[in-house]
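Residue numbers for the sequence shown follow the working numbering, beginning at 185 and rising by one.
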Amino acid sequence: MSHAVAPTTLWSRMMNSRNTLGWLFMLPTAVFLLMFLVYPLGLGIWLSFTDAKIGRPGEFVGLENYIWIVEDPKFQTAVFFTIFYTFVASVAKFAVGLYLALLLNERLPFKAILRAIVLIPFIVPTVLSAIAFWWIFDPQFSVISWGLKSAGLIDGNINFLGDAWNSRWSVIFANVWRGVPFIAISLLAGLQTVPPSLYEAATLDGASRWQMFRHITYPLLTPIIAVVMTFSVLFTFTDFQLIKVLTNGGPAGATELMATMSYNTAILGGRIGEGAAVSTAMVPFLLAAIMVSWFGLQRRQWQQGSDHE
């Protein structure tokens, strides 16, 4: 007795294809990204080539907005401080975060409580953190100035947010305080995946702690470091809330970032086209940061701890 074979339809073949199912599962995310990422980015790029203002669509002006921002001393200062802010804060966050991750990976008493405490700066809303630091750096009531005066180290209050470089170091410190937990916990998760047998074998071979870190820990952490530092650089470069609440770009534009300058120009100043040009100018820097991570930190010889091709 023969059995009839059901005809194979296009839909059934699609449902049995892993590639097709993968694309179907990715479709909602793709639609979300198109609506909330690609469209706003494309619109911002288009507006950067117009003289649009609030309440007026504007007309196409070509590269006029970009010529204006390149020649604007305020934009040049914003670019300088954005790069300086991102580099110094990212390096400091990585150094402190790696140290905390290695420390929390050891056998410590109350380790679970310590890990929870480390997360506190990251889970506190950015605006609340900025307000807290605004009080800490207050020119009259700063607890730092009070402590240093009580110890006899200084005679008067420190002008944290009124001096150009003092304000720059102050906002960098606040950003590092907030960003360290993300890096520390991420690297700690990576450390948990390193097989203990590798350290045991290295100990039997007489390797020092630095040698174990150099030839075991660091190479195995490199892929995680690449991802974590990419996000850290992107978050720091596009920082807005901390600067906006803490200094609003002052004094005299010393702490102005490209993100805050774009907002101040487009929203507060009403010059949509010029503000869009400032924000669009951030894209090459962000792409460069991603390229450094992808083609530098994730090179196979780095992951293997080799110095040669």
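For glycine and all other residues, C-beta sits at the position ideal for the given N, C-alpha and C. Please read these numbers as outputs of a predicted model, since none were measured by experiment.
Taking the C-beta atoms as reference points, K237 is found no nearer than 7 Å to I367. Within the stretch 357-396, the complete alpha helix (DSSP H) segments of 4 residues or longer fall at 380-388 and 393-396, listed in chain order. DSSP places G454 in no alpha helix (DSSP H); its state is neither H nor E. Within 10 angstroms of the beta-carbon of Y269 lie 16 or more other beta-carbons, which makes it buried.
Across the structure, G346 and G434 are spaced so that their CA atoms are roughly 8 Å apart.
Within the same chain, and ignoring the five residues on either side of F321 in sequence, the residues whose Cβ sits closer than 7 Å to its Cβ are F344, L345 and S354.
T234 carries a strand assignment under DSSP once its states are collapsed to helix, strand and coil. Excluding residues up to 5 positions away in sequence, A443, M466 and L470 lie with their Cβ nearer than 8 Å to the Cβ of T422 in the same chain. In this structure L337 is exposed. Its beta-carbon is surrounded by fewer than 16 other beta-carbon atoms within 10 angstroms.
With 16 or more neighbouring CB atoms inside 10 Å of its own CB, T449 falls in the buried class.
By the CB criterion at 7 Å, L418 and V378 fall outside the cutoff. Exclusion of the five residues before and after V263 leaves M442 as the residues of its chain whose Cβ lies within less than 7 Å of its Cβ. In the three-state scheme derived from DSSP, where H, G and I count as helix and E and B as strand, F271 is classed as helix.
By the beta-carbon neighbour count (other beta carbons within 10 angstroms, threshold 16), N432 is exposed.
Pairing S313 with R362, the inter-Cα distance amounts to about 8 Å. For the set D389, A348, M475 and L221, the Cα lying nearest the Cα of V411 is the one of M475. Assigned with DSSP and collapsed to three states, F424 falls in coil, not helix or strand. Here R240 is bridged, per DSSP, to K237.
For I427, the closest alpha carbon among the candidates E384, I356 and L286 is that of I356. Counting the other CB atoms within 10 Å of its CB gives I369 a total of 16 or more, which places it among the buried residues. Here the alpha carbons of A316 and G340 stand approximately 22 Å from one another. Judged by beta-carbon spacing, F244 lies beyond the 7 Å limit of I253, meaning their Cβ atoms are not closer than that value. Distance from the CA atom of M219 to the CA atom of I229, rounded to whole angstroms, is 15 Å. Residue burial is scored here from C-beta neighbours: G331 has fewer than 16 other C-beta atoms within 10 angstroms and is therefore classed as exposed.
Sequence-distant partners of A460 (beyond 5 residues in either direction) whose C-beta falls short of 6 Å from its own C-beta, in its chain, are G228, L231 and S232. By the neighbour-count criterion, in which a residue is buried when 16 or more other Cβ atoms sit within 10 angstroms of its Cβ, G374 is buried. Taking every protein chain shown into account, the CB of R291 has fewer than 16 other CB atoms within 10 angstroms, so this residue is exposed. The C-alpha of W207 lies about 26 Å from the C-alpha of F415. Within its own chain, the residues whose Cβ lies closer than 8 Å to the Cβ of V360, once the five positions on either side in sequence are excluded, are A273, A276, K277 and V280, listed in chain order. Taking C-beta atoms as the reference points, A472 and A348 fail to come closer than 7 Å.
Between the alpha carbons of N249 and S463 lies a distance of about 12 Å.
In terms of Cβ geometry, G457 and D235 form a close pair [threshold 7 Å].
If you draw a straight line from the Cα of H399 to the Cα of I297, it is about 31 Å long.
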